[in-house]
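A quick write-up on the structure given underneath.
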Amino acid sequence: MSRHPRPHDGRRGPAHGPSRGGPPRESGGVRREPPAPSRAGGDEAVERIHGHRAGIAVLAKRPEDVVRIACIRELAEEVEHTLGDYAEQIGIGVLSDREIEKLAHSNQHEGLVLEARARRWATPHELGDLLTKTNGVAVALDRVRNSYNIGAVLRSAAFFGVDAVLLGAPAPHPGLDPNAVRVAEGGVEHLMMARTTDLADTLVRLRSRGVKVFGADGHADSDALRFDYPRPAVLVMGNEREGLGPRVRAQCDAILAIRGSGAVESLNVGVAAGVLIAQLAARR
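Under my numbering, the residues of the sequence shown are numbered -12 to 271, in order.
This is the structure:
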């Protein structure tokens, strides 16, 4: 699938010069003591990210946004190597597993936690520009609330080369829940992320620009595995319990179902999204 350039906000890399004073370091920016205070300004929005692959992806894709970082000793060399010149500027705190658990507010931190300036969310108009200019594909989530399901969708979308993910309100978190980011295993850093307070209205606007919209429903007549997907397109996955909302369903050009054996009624939304995204990728 087509790729897109990430927005650039004009910030430059770290200035090269004498290093700042501070706690003794083992090498480069690795500190033997807890991480330095956050470098974010008082009014800047900051997001906390934990998880090995999720954190490394942030360090690799947008190191200029990282304001604070801590990891277990076993990951310190990888973190420093990934950060490159930014390691000296930021400083890497090497902490115990229990100390990182306290910073991450989670026992599923996988040895790495960081704070970064909040990611920039694309507008629905920018999403439309991307899809129409690149003949691309996006996945939209209609009131999907479970952060683990959201993370699974993001991971599948990145793996199969989807261009963007659109979150429809209400979502469980004003941005992306840290658990969703962790489950995505770094996938979110490879996607344009957009959100809307009215998914149905956003789909109306996308369709007016020539984007096709396909909804998923286990009881639909059309077989998703035999469907010929035109481009550009948006695949819409519905709420875990209620499925697609009536207004969102009304904006779908087709409603698709994944045929199963009948032993169980349906697939988890994260699993179903992975199957459908793979079908989209196979027909690119």
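We put the beta carbon where it would ideally sit given N, CA and C, even for glycine.
Quick caveat, the model's predicted, so the values are computed rather than measured.
- V221 sits in a strand when the DSSP states are folded into three classes.
- Proximity of the stretch 74 to 81 to the stretch 177 to 191 falls short of the contact definition, fewer than three beta-carbon pairs being nearer than 8 Å.
- Using a 10 angstroms sphere on the CB of N166, the tally of other CB atoms reaches 16 or more, which defines it as buried.
- For G261, same chain residues with a beta-carbon under 6 Å away, outside a window of 5 residues either side, are S143 in chain order.
- Scanning the stretch 56 to 87 from its first residue to its last, the whole beta strand (DSSP E) runs of 3-plus residues come out as 79 to 81.
- If you keep only unbroken alpha helix (DSSP H) runs of at least 4 residues inside the stretch 85 to 171, you get 111 to 121, 134 to 146, 165 to 170.
- Taking the Cα of P111 as reference, the smallest distance to any Cα among A125, L99, L101, V100 is reached at A125.
- Contact annotation, G138 with V168: C-beta distance approximately 7 Å; criterion of less than 8 Å satisfied.
- When DSSP states are grouped into helix, strand and coil, A203 belongs to the strand group.
- Here P50 is buried: its Cβ has 16 or more other Cβ atoms, across all protein chains shown, within 10 Å.
- In terms of Cα proximity to L163, the closest of R132, V149, F146, F201 is R132.
- Of the candidates Q266, V258, L70, V258 places its Cα closest to the Cα of Y135.
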